[in-house]
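Reading the sequence shown from the start, the letters are residues 5 to 129 in the working numbering.
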Amino acid sequence: MDTNTILFFEQQPEALALYEVFEKAVVNRYPDIKIKVQKTQISFSNKHLFACASFLRVKKKKELPDPYLVITLGMPYPLDSTRVAVKTEPYPGRWTTHIVIGKQEDVDEELLGWLAEAYDFAEAK
């Protein structure tokens with residue numbers, strides 16, 4: 005884990021374990037992706053951005069688990085799941101979907117299946 009990633013979690017160090025599980029799952033499936041640590045998010049891309057991890061407030065603070073991490077996926081359609089906190093269509097045919105995770109078990113086959121769809125959608129552009 006690089007210094008920038010550790011610094012990203014400086015304000016919420018308890019969430020680092022959630023991120024480590026998510027990053028490991030992503031890299032195991034897609035070893036050639038690019039990961040970019042920015043001020044407000046950690047981005048995952050192939051040809052294009054397909055996923056992000058952040059602390060975006062997509063729910064009221066009291067509704068968020070502690071710790072939490074928001075996984076954002078770029079999808080070709082709106083996900084219909086109770087796990088989706090917010091979904092928007094910023095561009096026709098592109099849906100930005102925010103999913104809150106609060107425990108390591110939330111990085112499950114369902115989430116990784118959606119991640120695969122986001123990866124393929126970004127790759128096809």
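From the three backbone atoms N, C-alpha and C, an ideal C-beta is built for every residue, glycine too.
Residue j beta carbon less than 8 Å from that of residue i
{"i": "I105", "j": "Y81", "result": "no"}
{"i": "T101", "j": "V88", "result": "yes"}
{"i": "V25", "j": "F48", "result": "no"}
{"i": "L20", "j": "A126", "result": "no"}
{"i": "M79", "j": "E113", "result": "no"}
The ligand ATP heavy atom lying under 7 Å from the CB of residue i
{"i": "Q16", "result": "For the structure depicted, the ligand ATP is absent and the ligand set is empty, with no information on it obtainable."}
Residue i classed as buried or exposed, judged by whether at least 16 other C-beta atoms fall within 10 angstroms
{"i": "Y23", "result": "buried"}
{"i": "M5", "result": "exposed"}
{"i": "T76", "result": "buried"}
{"i": "G97", "result": "exposed"}
8 Å Cβ shell around residue i - same chain, five flanking residues per side excluded
{"i": "N50", "result": "Y34, D36, I37, K38, Y123, A126, E127"}
7 Å Cβ shell around residue i - same chain, five flanking residues per side excluded
{"i": "T44", "result": "S58"}
{"i": "V90", "result": "V62, H102"}
{"i": "P94", "result": "T100"}
{"i": "Q16", "result": "F59, P71"}
Inter-residue CB distance, residue i and residue j (contact presumed, cutoff 8 Å)
{"i": "L60", "j": "V74", "result": "5 Å"}
{"i": "W118", "j": "L83", "result": "6 Å"}
Same chain, Cβ closer than 6 Å to residue i, neighbours up to 5 away in sequence not counted
{"i": "I46", "result": "A57"}
{"i": "F12", "result": "V41"}
{"i": "N8", "result": "V41"}
>> My parser needs the alpha helix (DSSP H) runs of 4 or more residues fully inside the stretch 9 to 78; what are they?
In response: List check, alpha helix (DSSP H) in window: 20 to 33.
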